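Undergrad: Take this structure, written in structure tokens, and hold onto it; I'll ask about it next.
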Amino acid sequence: MAGPATPTNEPRDEEFRKALIALIPQLRAFARTLTGDPTAADDLAQDAMMKAWDARESFELGTNMKAWTFMILRNQFYSEKRRSWRQTQLDQEAAERTLVAVDDPASPVALDELRMALGRLPAEQREALILVGAGGFAYEEAAEICRCAVGTVKSRVSRARRALQVILERGDYERDGKSASEAMGSILAHAERLSGAR
Amino acid sequence: MRARRLNGLRILPGDGNLEVGQGVSGSGIKGDLLTTHAERGRTPLEGGLILNMARKATPKRPLAVDDARLRQQAIGAQLRQMFEEVVNEPVPTDFLDILRRADSGDADQD
């Protein structure tokens, strides 16, 4: 995966580089959930990776590098978002449409439904849910990444879960011009297939 | 105490109106006592007691809880799959190229 090894001056840099490369898939996935767009997500993940590389001296090897890089990526995302907040707001609906347009057409319908519904959550709820529910972070780690209290993360995750369920059950968003009223049904059916396959 | 009837319920007088199923127990609570048909003929407990009709009637609440839990589990599984889907994608070569250039100090020249 890493390709031919690049010579480095210090063994520590080499170790850091290997660890960073191993985290690229996770960083891309987190970035995808934040931006909702594969191209923007990869740009964001690359920027975050560069920042992590530049700041490698400040990282203590052996500590939680995943949480550290996720925090850098998140900061980068909100930093860019603040710079272009007006543009972001104007393009919100377009971004949601893009989310569908760029999806792999072979992807199960249920996943598309979930992506659409996630796009309707407030950003802070979405990131908390992704970190804890998909990224494998403990509430404490997610709180560190989001720079907020543990209780805040718990509350955001809880609210996100409830809101997501409501959105999926009501199907109150448009999909190809039609109401996605069968969203929850698709999710349940897909979950059943997943559990049956195990 | 003299009871009156409303929609099949026997209502005993009190100082306030409490909701059915509020689950109040013990003494010292003043409120209307609501009983179901099944409870008729029983002597209301002293001090005020709200009988939970749902508890006696049907086990709907546990089913609803199970259903909600099932839905949350399905969403959770879907969420993890969505994340894993991206994690399992091949990493674009751009990522490794950028790191190589940064490593060799060429990044600023691009």
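Quick note, the sequences are listed as chains A and B, same order.
When you line the first sequence up against the numbering used here, it's residues 433 to 630, in that order.
When you line the second sequence up against the numbering used here, it's residues 12 to 121, in that order.
Even glycine gets a Cβ: it sits at the ideal position worked out from N, Cα and C.
Only a predicted model underlies this, so the values are computations on that prediction, with no experimental measurement involved.
1. Residue range of the alpha helix (DSSP H) that G565 of chain A falls in?
2. Roughly how many angstroms lie between the CA atoms of D479 of chain A and P457 of chain A, to the nearest whole one?
3. Contact between the stretch 96-113 of chain B and the stretch 460-474 of chain A: three or more CB pairs below 8 Å?
4. With a 10 Å radius around its C-beta and 16 neighbouring C-beta atoms as the bar for buried, classify F106 of chain B as buried or exposed.
5. When the Cα of N496 of chain A is compared with those of A:I599, A:E572 and A:A473, which residue comes out closest?
6. One question on the structure: do L459 of chain A and T501 of chain A come within less than 9 Å of each other, judged by their Cβ atoms?
7. Rounding to the nearest angstrom, what Cα-Cα distance links A595 of chain A and P554 of chain A in this structure?
8. Would E559 of chain A pass as a contact of R506 of chain A if the rule is Cβ separation under 9 Å?
9. Grab the span of the alpha helix (DSSP H) containing S490 of chain A for me, first residue to last.
10. Taking a contact to mean a Cβ-Cβ separation below 9 Å, would you say L561 of chain A touches A592 of chain A in this structure?
11. On a Cα-Cα basis, can you pick out the residue from A:T584, A:G583, A:A473 and A:A549 that is closest to E512 of chain A?
12. Rank A:D469, A:R488, A:A484 and A:G468 by C-alpha distance to the C-alpha of P443 of chain A and give the top, closest one.
13. Give the DSSP-derived three-state secondary structure of T467 of chain A in the structure shown.
14. Can you pull the chain A neighbours of Q113 of chain B, defined as C-beta to C-beta under 7 Å?
15. Among the residues of its own chain, which have a CB less than 7 Å from the CB of R588 of chain A, if the five just before and after it don't count?
TA: The short version:
1. Position 133 of the first sequence, counting from 1, holds the residue named residue 565 of chain A. That run of the alpha helix (DSSP H) goes A555 to G565.
2. Sequence index remark: in the first sequence, residue 479 of chain A carries index 47 (1-based). Sequence index remark: in the first sequence, residue 457 of chain A carries index 25 (1-based). For D479 of chain A and P457 of chain A, the distance between alpha carbons rounds to 14 Å.
3. yes
4. On the second sequence, position 95 is the one that residue 106 of chain B refers to. Answer is buried; the Cβ neighbour count reaches 16.
5. Here residue 496 of chain A refers to the residue found at position 64 when the first sequence is read from its first residue. Ranking the options by Cα distance to N496 of chain A, first place goes to A:E572.
6. Stepping through the first sequence from its first residue, residue 459 of chain A is reached at position 27. Stepping through the first sequence from its first residue, residue 501 of chain A is reached at position 69. Yes, they are a contact pair.
7. By 1-based counting over the first sequence, the position of residue 595 of chain A is 163. By 1-based counting over the first sequence, the position of residue 554 of chain A is 122. Each residue's Cα considered, the two are about 10 Å apart.
8. On the first sequence, residue 559 of chain A is found 127 positions in, with the first residue counted as 1. On the first sequence, residue 506 of chain A is found 74 positions in, with the first residue counted as 1. Yes, the pair counts as a contact, with Cβ atoms nearer than the cut-off.
9. On the first sequence, position 58 is the one that residue 490 of chain A refers to. It is not in any alpha helix (DSSP H) - S490 of chain A carries neither H nor E in the DSSP assignment.
10. By one-based count along the first sequence, residue 561 of chain A stands at place 129. By one-based count along the first sequence, residue 592 of chain A stands at place 160. Taking 9 Å as the Cβ cut-off, L561 of chain A and A592 of chain A qualify as a contacting pair.
11. To locate residue 512 of chain A, count along the first sequence from 1; it is residue 80. The shortest Cα separation from E512 of chain A among A:T584, A:G583, A:A473 and A:A549 belongs to A:A473.
12. Here residue 443 of chain A refers to the residue found at position 11 when the first sequence is read from its first residue. Of the listed residues, the one whose Cα sits closest to P443 of chain A is A:R488.
13. The residue you call residue 467 of chain A lines up with position 35 of the first sequence. It is helical.
14. Here residue 113 of chain B refers to the residue found at position 102 when the second sequence is read from its first residue. Inspection of the sequence shows that residue 113 of chain B is occupied by Ala rather than by Gln. Simply M482 and W485.
15. Residue mapping note: residue 588 of chain A aligns to position 156 of the first sequence, counting from 1. Closer than 7 Å at Cβ, skipping near neighbours: E556, Q557 and A560.
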